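First the structure, in the form of structure tokens, and then the observations on it.
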């Protein structure tokens, strides 16, 4: 592995020391189980927030450490669409002078550049919006600030959160893609440039980069995080999610924004976790090595005390990915009407093709696709019957090489229309030492189940 | 009635003549059944589009007539937040030089000022956004242009489409409110300033002004018109709708934007329309005169051959308005986080109160409210069983006086969470000669039923 990242798990021992006049923390790495020195930017968001609240760390010092990491690595990784160190530090210093405002007080957050910010340009990954300055913060950005968070900068998105890639490289191996569309968020969090970042998913844009970059990606139930100020692509599927390095960190953001709190006691799962292992209808799309790794992970969870039973999705699910394509393309070409009708030549060839294809779908086809989605949604209760969560692959394999594009969303595409909460946990390592994640899914609205089981899996398989 | 408006129904005979060097049309008024002279701005959108397509009328002449009407009446009615005659005429002249682009070719449309326009300021009804110029057109605006429509200007919205009123007066009697939040759209269409305008509904913001202003208001099934570029208030309920003077005109817009076409044959209803007359759980909120008028309308429809049967909503519906309040306030205060946390003092006292109240709702209460909505949604199949549509009051009575606010949304509030298509038809006249509408509702996705039955009711009761 080209780069070994050291970070603190949510339950890691953290204690402050002062070396060379700089704050630093001892953190336990996930690989070696021993305490080593690490900088504040490697802390989990929860540890950082706790340290700030208890006076062991300042927001300024934390942001400085993140900026130092960015300074060191950004030329290589290219995670940021916009960053202004003075601006971020000013916000951090202001936090240090305030009474704690909320759960995120003092913690820096990266914002995917399809999400509006009133004080930073927002380009939606498109040259059409070069230097575009929105008039107001998206709801989630204003809520982060309301909760005391610091907006560190804007992370690279593919073009309008579709497929045309930005500059970002996979921090584990820069010859590879970080995945997309939430490319910069995935890479920045993985590279310890920031502990938290927003991503979005319309097809597989949040889970895939989390998997490729080896971090946690939590895509909450549909509409859990308010979408005001998100550049809309598909009104039916666009979902805001959180990238972090621990499951609890991602849950912290949703607690701050949506008043959704996982009870502390729920993190300790009572009894045997009941896990439905689902190869999914697209299992054959995964490479053999990944199939073996996922199977082995399921088996190891059994060894850790989980009841793991293989489930097969009903045949109706075979048509779900196609239904997603119909619905999302029908919506893409409408949501992007202004760009399509005024700036067609400034869109990538890929996106032009998608929009043109989208204009070909009829309302009748769109509605028929929705009927398929509704049918499958109705079947989910039976699928989940008796199980706490579904365990499924996140991706077909390791991150492809950069020039091959942002990878395939195929292992998310058929889940996304159902709006289920899902959490990628980074627990596998592919044949070329790149990370591979698996995802835990729970019924719509049962985010606590998805999160607590993902956390359990993360802890058990990261040992 | 202070003002008698003369307009063409969608099926009106229209023929062009040239009087005094000005184009004009003979149209049959809905009141007298005789042909009289009327200006192009009084034409239905369908008649205008047909006349333009067949070379009998130009878009320029039509827009001129609308602008002349605005020039004559705007000081009294105050329907427009922004209008630039030169800009509208330039767009109209461009249309006259093009091959017909689509269903709306040459037809002017008013845009509620919570919907972004790239070439006109958009203030969302709030001083916070004075002179704000969005970077791009909302999807629906770009789609109108793509279909050949002309954006005439921006119509007045209440503050962020909530309750604090703008300047608009009811064109029938300027001592009264036009309703809200789609105040300007309702008034402008009713006053023949424009044949079509977009409104939005989150509680009762589209149906109510249509009822008070005596026009058709079609609120399609949830998500029928793409919401990209609409200033978001409640992601779960915000719905774009169309104001027009005929039912078919409103359907034309949705056909152009959403590829939703009511088959021509469906407008002639085969057999007896089966109408469920629903007083609703808030019947007592309607004044006695309105109750009598609605009952009489239901009875008259029976006389016209409909099978009209009274239905009572299950008791669960009694809690639906409250569930709507919980959900929408929970979402308002999040969607407007930027404004709430940065410009609280620039919000109206009313909205400040709503947002503060919204911050008090817990996630648990929010989810419990959704369960009530889901329960009622599940009951709708039984409610509609055997009936084509529901007929229900649109409002408690005539438009209140201007200084009393924009009126009560109570007769829409419990329907809105269900996302059903509904159409206000202006068929009643209150004790002080102000219009009162009734609404026709159909099951989710069955917009054709709502439209064709509304058209039937409109024709039968407008005679």
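Chains as they are written, first to last, in this note's numbering: chain V, 1 to 463; chain L, 1001 to 1463. Every residue gets a Cβ at the ideal spot worked out from N, C-alpha and C, and that includes glycine. Computed from a prediction, not measured in an experiment: that's the story for all the values here.
Determine, using beta carbons only, whether residue i comes closer than 7 Å to chain L.
i             : result
residue 357/V : no
residue 223/V : yes
residue 338/V : yes
residue 235/V : yes
residue 2/V   : Bear in mind that a pLDDT of 30 at residue 2/V, under 50, signals an unreliable position, so the model cannot answer this.
residue 329/V : no
residue 136/V : yes
residue 146/V : yes
residue 94/V  : no
residue 29/V  : Summary for residue 29/V: the model assigns pLDDT 41, below 50, so the residue's position carries little reliability; its value from the coordinates is reported in the next sentence. Not an interface residue.
residue 464/V : Only positions 1 to 463 of chain V appear in this structure, which leaves residue 464/V out of reach.
residue 297/V : no
Whose CA, out of the options, lies closest to the CA of residue i?
i              : options                        : result
residue 149/V  : 291/V, 91/V, 203/V, 125/V      : 91/V
residue 231/V  : 138/V, 426/V, 417/V, 391/V     : 138/V
residue 205/V  : 194/V, 233/V, 75/V             : 233/V
residue 1103/L : 1048/L, 1328/L, 1191/L         : 1048/L
residue 401/V  : 426/V, 429/V, 434/V, 414/V     : 434/V
residue 1451/L : 1069/L, 1367/L, 1392/L, 1219/L : 1219/L
residue 74/V   : 269/V, 425/V, 170/V, 367/V     : 170/V
residue 87/V   : 72/V, 100/V, 64/V              : 64/V
residue 1179/L : 1461/L, 1345/L, 1396/L, 1431/L : 1396/L
residue 41/V   : 50/V, 53/V, 58/V, 62/V         : 62/V
residue 144/V  : 269/V, 124/V, 101/V            : 101/V
residue 1098/L : 1163/L, 1072/L, 1124/L, 1058/L : 1058/L
residue 943/L  : 1053/L, 1457/L, 1056/L, 1089/L : Within the shown structure, residues of chain L are numbered from 1001 to 1463, placing residue 943/L beyond reach of any answer.
Beta-carbon of residue i versus every beta-carbon of chain V: anything under 7 Å?
i              : result
residue 1333/L : no
residue 1082/L : no
residue 1132/L : yes
residue 1226/L : yes
residue 1260/L : yes
residue 1139/L : yes
residue 1341/L : yes
residue 1201/L : no
residue 1377/L : no
residue 1232/L : yes
Under DSSP, the alpha helix (DSSP H) around residue i begins and ends at which residues?
i              : result
residue 70/V   : 59-77
residue 1136/L : Where residue 1136/L is concerned, there is no enclosing alpha helix (DSSP H), given that its DSSP letter is neither H nor E.
residue 1266/L : Unbroken run through residue 1266/L: none, as it is neither H nor E.
residue 225/V  : Segment: none, residue 225/V is in no alpha helix (DSSP H) and carries neither H nor E.
residue 456/V  : 447-461
residue 413/V  : 410-413
Verify whether the separation of the beta carbon atoms of residue i and residue j is less than 7 Å.
i              : j              : result
residue 1106/L : residue 1093/L : no
residue 1406/L : residue 1165/L : yes
residue 146/V  : residue 1341/L : yes
residue 1243/L : residue 1214/L : no
residue 241/V  : residue 201/V  : yes
residue 116/V  : residue 134/V  : yes
residue 1307/L : residue 1272/L : yes
residue 155/V  : residue 79/V   : yes
residue 1394/L : residue 1207/L : yes
residue 1437/L : residue 1211/L : yes
residue 113/V  : residue 157/V  : yes
residue 283/V  : residue 330/V  : no
residue 382/V  : residue 274/V  : no
residue 1392/L : residue 1278/L : yes
residue 1423/L : residue 1399/L : no
residue 185/V  : residue 168/V  : no
residue 1348/L : residue 1159/L : yes
May I ask which residues mark the beginning and end of the beta strand (DSSP E) holding residue i?
i              : result
residue 218/V  : 216-219
residue 1155/L : 1150-1155
residue 274/V  : 274-278
residue 1296/L : Run containing residue 1296/L: none in the beta strand (DSSP E); it sits in the alpha helix (DSSP H), 1288-1303.
If you measure from the CB of residue i, is any heavy atom of the ligand PLP nearer than 6 Å?
i              : result
residue 1170/L : Ligands are entirely absent from the displayed structure, and the ligand PLP is therefore not among its contents.
Contiguous alpha helix (DSSP H) assignments of at least 4 residues, all confined to the segment 1333-1388 of chain L = 1337-1342, 1349-1360, 1363-1384
Counting only runs that start and end within the segment 1186-1216 of chain L, where is the alpha helix (DSSP H) found for 4 or more residues in a row?
-> 1207-1213
Secondary structure, beta strand (DSSP E): runs of 3+ residues fully inside the segment 1089-1146 of chain L = 1108-1112
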